[in-house]
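Student: Handing you a structure now.
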Amino acid sequence: MPANPIVPTIPLHEDGAHHGFLRLPYSRDDSAWGSVMIPITVIRNGVGPTALLTGANHGDEYEGPIALMELAVTLAPEEIEGRVIIVPAMNYPAFRAGTRTSPIDRGNMNRSFPGSPSGTVTEKIADYFQTVLLPEASIVLDFHSGGRTLDFIPFASAHVLENKEQQAACVAAVEAFNAPYSMIMLEIDNVGMYDTSVEDQGKVFVTTELGGGGTSTARSNAIAKKGVRNVLKHAGILKGELELEPSVMLDMPDDDCFVFSQHDGLFEAMKNLGDPVEKDEVIARVWPADRTGVPPIAYVANRSGLMVSRHSPGLVKSGDCMAVVAVKI
Ligand SMILES: [Zn+2]
35 MPANPIVPTI PLHEDGAHHG FLRLPYSRDD SAWGSVMIPI TVIRNGVGPT ALLTGANHGD
95 EYEGPIALME LAVTLAPEEI EGRVIIVPAM NYPAFRAGTR TSPIDRGNMN RSFPGSPSGT
155 VTEKIADYFQ TVLLPEASIV LDFHSGGRTL DFIPFASAHV LENKEQQAAC VAAVEAFNAP
215 YSMIMLEIDN VGMYDTSVED QGKVFVTTEL GGGGTSTARS NAIAKKGVRN VLKHAGILKG
275 ELELEPSVML DMPDDDCFVF SQHDGLFEAM KNLGDPVEKD EVIARVWPAD RTGVPPIAYV
335 ANRSGLMVSR HSPGLVKSGD CMAVVAVKI
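Shown next as structure tokens:
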């Protein structure tokens, strides 16, 4: 196996705050010896744990990049013990295009792990995290939100893991993040996910869904900014007390949480995010987009709970996830 071609332009193991790039050679029509320049900040103060913080794993999710750009300019080395590695836009080509996947190779970063040092641009980035950055991390925070096609109530989450000790450590870190909602999630499609790689390497892992619709809000950004500092304090890297507010615990135990459309058409939400819903209650309707005089198709919740996610665009296609209902613990 060849070595990963990414070269950092800054030292990864020196004290101080260093701002630079992960330079990934990418030869192409408009730049024969060109590179993809992925912004990175490394802040270190002596020996201690390493936190690896990432945003824009999907390029159209913005709370992570905003909170991490701010952290990179505000966190001083003297405030910490150990090291903080900040990559605000993990799938940097996708982030610059404002799309979920990379415009270079259509790579979905969160389906590209463990990656490959000789693969596509997206696979090379994944491999660099897998083989270089992740092994050195003790705690990992990866920001997500719904992107252009989904919207979420703001939550941080941990996965159901076989190793219950590791799961408990992840849940404790999720509670420290202290989003308005905290979720224990059974992943329906975990092959190729960054999450799975992080967890397989035995790390403490926090992921989030903080909003969506292809933008961020003052509220969702504030949750992200407070959450990342809380996680660093929880890890013993940043000094100071955690800032804590009440958080509602939620569970997504199985496939019954999801409602998928079987029709193309005009999407009508019948519930708002955060609303309580009963089993068999109508949560969305799909109107035919091409004619009048035809009633809508009604979609019902498969279980009682809380509406935690919804389809965001005004039009819907067959196969789209229209709603997610989680259970209050
Ligand atoms: Zn995402």
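Just so we're aligned, residue 35 is where the sequence shown starts under this note's numbering, counting upward by one.
Quick reminder that beta carbons are idealized off the backbone N, C-alpha and C, glycines included.
Taking the alpha carbon of G274 as the reference point, which residue from V282, N264 and P280 has its own alpha carbon closest?
Tutor: Here residue 274 corresponds to residue number 240 of the sequence shown, with the count starting at 1. If we check each option's Cα against that of G274, N264 comes out closest.
Student: Excluding the five sequence neighbours on either side, which residues of its own chain have a C-beta within less than 7 Å of the C-beta of L272, listed in chain order?
Tutor: Start at 1 with the first residue of the sequence shown, and residue 272 comes out as number 238. Answer for L272: E113, I114, R263 and L266, listed in chain order.
Student: Suppose the cutoff is 8 Å on Cβ atoms and the five residues either side in sequence are ignored; what does the same chain contact list for Q164 look like?
Tutor: In the sequence shown, counting from the first residue as 1, residue 164 sits at position 130. The residues are F147, P148, G149 and S231.
Student: When every heavy atom of ligand 1 is checked, does at least one fall within less than 7 Å of the C-beta of N12?
Tutor: This structure does not reach residue 12, given that the chain is present from 35 up to 363, and the question cannot be answered.
Student: What do you reckon, is the C-beta of G245 under 7 Å from a heavy atom of ligand 1?
Tutor: Locating residue 245 in the sequence shown gives position 211, where the first residue counts as 1. Checking the Cβ of G245 against ligand 1 gives no.
Student: How is R337 classed by DSSP in three states: helix, strand or coil?
Tutor: The residue you call residue 337 lines up with position 303 of the sequence shown. Of the three classes helix, strand and coil, the one that applies to R337 here is coil, per DSSP.
Student: The alpha helix (DSSP H) that contains E243, what's its start and end?
Tutor: Counting from 1 along the sequence shown, the entry for residue 243 is found at position 209. From DSSP, E243 is part of no alpha helix (DSSP H) but of the beta strand (DSSP E) over V238 to E243.
Student: What's the gap between the Cα of V174 and the Cα of A66?
Tutor: As a working mapping, residue 174 is identified with position 140 in the sequence shown. As a working mapping, residue 66 is identified with position 32 in the sequence shown. Taking the straight line joining both Cα atoms gives about 35 Å.
Student: So the alpha helix (DSSP H) E233 belongs to, where does it begin and stop?
Tutor: Against the sequence shown, residue 233 aligns to sequence position 199. Looking at the DSSP string, the run of the alpha helix (DSSP H) that includes E233 is Y228 to D234.
Student: Going by other Cβ atoms of all chains shown within 10 Å of its Cβ, with 16 needed for buried, is T108 buried or exposed?
Tutor: In the sequence shown, counting from the first residue as 1, residue 108 sits at position 74. Exposed, because fewer than 16 other Cβ atoms sit within 10 Å of the Cβ of T108.
Student: Could you check if D324 is buried or exposed, using at least 16 other CB atoms within 10 Å of its CB as the buried criterion?
Tutor: Residue 324 sits at position 290 when you count from the first residue of the sequence shown. The residue in question, D324, is exposed, as its Cβ has fewer than 16 Cβ neighbours within 10 Å.
Student: Per the DSSP calculation, E302 is bridged to which residue(s)?
Tutor: Counted from its first residue, the sequence shown places residue 302 at position 268. Paired residues: R319.
Student: Which whole-angstrom value is the C-beta distance of D94 and G181, which I expect to be below 8 Å?
Tutor: The residue you call residue 94 lines up with position 60 of the sequence shown. The residue you call residue 181 lines up with position 147 of the sequence shown. Going by Cβ atoms, the distance from D94 to G181 rounds to 4 Å, so yes, they are a contact pair.
Student: Which residue's Cα is closest to the Cα of L340: P347, P329, A101 and M283?
Tutor: On the sequence shown, residue 340 is found 306 positions in, with the first residue counted as 1. Nearest of P347, P329, A101 and M283 to L340, Cα basis: M283.
Student: Within a Cβ cutoff of 8 Å, which residues of the same chain sit near G270, ignoring the five residues on either side of it in sequence?
Tutor: Residue mapping note: residue 270 aligns to position 236 of the sequence shown, counting from 1. Here the set comprises G82, P83, E115 and G116.
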